[in-house]
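In our numbering, the protein residues as written are 364 to 561. The structure under discussion appears below in the form of structure tokens.
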Amino acid sequence: MTIYRGLSGVNREVKQQCREVGGVNREIKEQHRGIGGFNRKVFESKKYLYYEGEERTTVTGGWLNRVYATYGDSGSYTKNTNSIYIVASTSLSRGETGICTQNRIDLTEYNTLYICVLSGYEGYYSMTRYDWAGYCVPVITNTYNSGNIWDDPVKQELNACRIIGVNVIDIASLSGSYYVSLMARPQGYCTFNKIWLE
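Here is the structure:
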């Protein structure tokens, strides 16, 4: 860890960490102090929550629990070698179904959630409510990480994943630690192989 102090009143703290053969995880934390007491903290990193079969258990605790929305207790998920497949019930009344982290994830220092979708079907909403449509939708909760998470007092749906490929979801306004779920829409399904924060 190195701290730089300059004449401009800027303190910069840089911390770098390298892991894995052939791969680099780089974490940079900067703090700026300026005239007038203005403080700004910038944190840049790439934190994987799931990577091609690796559940990143030191961060997530594993993607272990099936979750559903209100009456969705009939969908399922399958863990493949390098991806996870989630499918909601074919019955519209059963709602969303998905999978959730075992641990809360601190989202405070991150601006963006990335989800790589390999395949999917948007389900019922693709034909009726395009503003709700999507192959899957990330949901954050604070209390519940299994069963009916729609009862969670701070449940929040984030923007749905609408493309096959990397979906970019803004989380800059979020602060605090949450369970992170990924849920297929009613009558739909989704396969994903990467989820990360930056």
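Ideal Cβ placement from N, Cα and C applies to all residues, glycine included.
Check each candidate in L545, S536, Q465, Q519 and name the one with the smallest Cα separation from N530. L545
Buried or exposed, going by whether 16 or more other CB atoms sit within 10 Å of the CB of G458? buried
Do you know how far the Cα of I558 is from the Cα of T420? 13 Å
For A547, write down the residues that DSSP places opposite it in a beta bridge. For A547, which the question treats as bridged, DSSP gives the partners T460, C499.
Residues in its own chain within less than 8 Å of T475 by CB, not counting five upstream and five downstream? So the list reads V531, I532, D533, I534, A535, L560, E561, once near-sequence residues are dropped.
May I ask you to list the residues that DSSP assigns as paired with R429? Under DSSP, R429 shares a beta bridge with I462.
Relative to the C-alpha of S446, which candidate in I512, I462, Y431, S437 has its C-alpha closest? I462
Name the DSSP bridge partner or partners of S540? D469
Please classify D514: does DSSP put it in a helix, a strand, or coil? Taken through DSSP and simplified to helix, strand or coil, D514 comes out as helix.
Grab the span of the beta strand (DSSP E) containing T423 for me, first residue to last. Segment 420-423 is the alpha helix (DSSP H) holding T423; no beta strand (DSSP E) there.
Using the three-state DSSP reduction, which class does K442 fall into: helix, strand or coil? strand
Looking at the structure shown, is N556 part of a helix, part of a strand, or coil, going by DSSP? DSSP, read as helix, strand or coil, puts N556 in strand.
Determine the contact status of G424 and N466, defining contact as a CB-CB distance below 9 Å. yes
Bounding residues of the beta strand (DSSP E) (the contiguous stretch that carries K410): 410-414
Straight-line Cα distance separating N522 from E472: Rounded to the nearest whole angstrom, the CA to CA distance from E472 to N522 is 19 Å.
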